[in-house]
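The numbering of the sequence shown is our numbering, which starts it at 2 and goes up by one.
Beta carbons are placed, not taken as given, at the ideal position from N, Cα and C, and that holds for glycine.
Down below is the structure, laid out as C-alpha cells.
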Amino acid sequence: MVRDPFADEETPELQTVLDALDDEDCRAIVSVLDEPLTASEISEQSGVPLSTTYRKLELLTESSLLYEGVEVRSDGQHASRYAIDFEEVVIALDEERSLTVDISHRARTPDQRLENLWSEVRKET
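This is how it looks when you write it as C-alpha cells:
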C-alpha cells in the first residue's frame with residue numbers, strides 16, 4: 002500500500018517521543034534548527050558528532066519532531082535538509098488512565114508537499 006504523501010503523519014509511539022525529548026543530543030539538534038539544515042551543518046552547529054547526528058535525526062523524524070526534506074540540486078547530488086516540524090507536544094492522561102501524546106505540526110508548504118510526493122515516487126521506483 003502506498004502512503005498518501007499529502008496526508009498528515011500518524012502520531013508516533015509515546016515512548017519514541019519521550020526518548021527523543023529526553024535525549025541531550027536530540028535537544029541540542031532541535032536548538033540549532035532556526036532554518037532547514039543538512040546533517041553536516043547540524044553536526045557542526047550543535048557540536049554533536051556526525052555519526053551520532055544521523056542516528057538522532059532518525060529518532061527525531063520517527064518522533065514527528067523534525068521534517069526531512071530533499072534539496073534538489075542541478076548536479077544530481079540531492080541533500081536532505083531537516084527542519085522543526087512541531088509547534089507543541091502534549092502528553093496527557095486519557096480516560097483509561099494511559100498516557101497519550103499529541104503533536105501539533107506546522108502546516109506543510111507547497112514545496113514540502115512536493116518533496117513528500119517526490120520522495121514517495123523515488124521509493125516506488
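If residue i sits next to residue j, beta carbons under 8 Å apart, how far is it from one beta carbon to the other, in whole angstroms?
{"i": "Arg-82", "j": "Glu-72", "result": "5 Å"}
{"i": "Thr-39", "j": "Ala-80", "result": "5 Å"}
{"i": "Ile-30", "j": "Ser-41", "result": "Rounded, the Cβ-Cβ distance is 12 Å, inconsistent with contact."}
{"i": "Thr-12", "j": "Asp-103", "result": "7 Å"}
Report the three-state DSSP secondary structure of residue i (helix, strand or coil).
{"i": "Val-73", "result": "coil"}
{"i": "Glu-96", "result": "coil"}
{"i": "Leu-22", "result": "helix"}
{"i": "Leu-133", "result": "This structure cannot speak to residue 133, because the chain is shown only from 2 to 126."}
{"i": "Leu-61", "result": "helix"}
{"i": "Thr-12", "result": "coil"}
{"i": "Thr-17", "result": "helix"}
{"i": "Phe-7", "result": "Summary for Phe-7: the model assigns pLDDT 45, below 50, so the residue's position carries little reliability; its value from the coordinates is reported in the next sentence. In the structure shown, Phe-7 sits in coil (DSSP, three-state: anything other than H, G, I, E or B)."}
{"i": "Thr-39", "result": "coil"}
{"i": "Pro-50", "result": "coil"}
{"i": "Ala-136", "result": "Residue 136 falls outside the range modelled here, since the chain spans only 2 to 126, and no answer is possible."}
{"i": "Glu-45", "result": "helix"}
Going by DSSP, which residues form a beta bridge with residue i?
{"i": "Ala-80", "result": "Glu-72"}
{"i": "Asp-103", "result": "Val-91"}
{"i": "Ile-85", "result": "Leu-67"}
Under the rule that 16 or more other beta-carbon atoms within 10 Å means buried, what is residue i, buried or exposed?
{"i": "Thr-54", "result": "buried"}
{"i": "Ile-92", "result": "exposed"}
{"i": "Asp-9", "result": "Any reading at Asp-9 must be qualified, since the residue scores a pLDDT of 49, below 50, and its modelled position is unreliable; the value itself is stated next. Exposed, by the Cβ-count rule."}
{"i": "Leu-58", "result": "buried"}
{"i": "Gly-77", "result": "exposed"}
- Mind the definition here: the region 15-25 touches the region 54-73 only if three or more C-beta pairs lie below 8 Å; say whether that holds. yes
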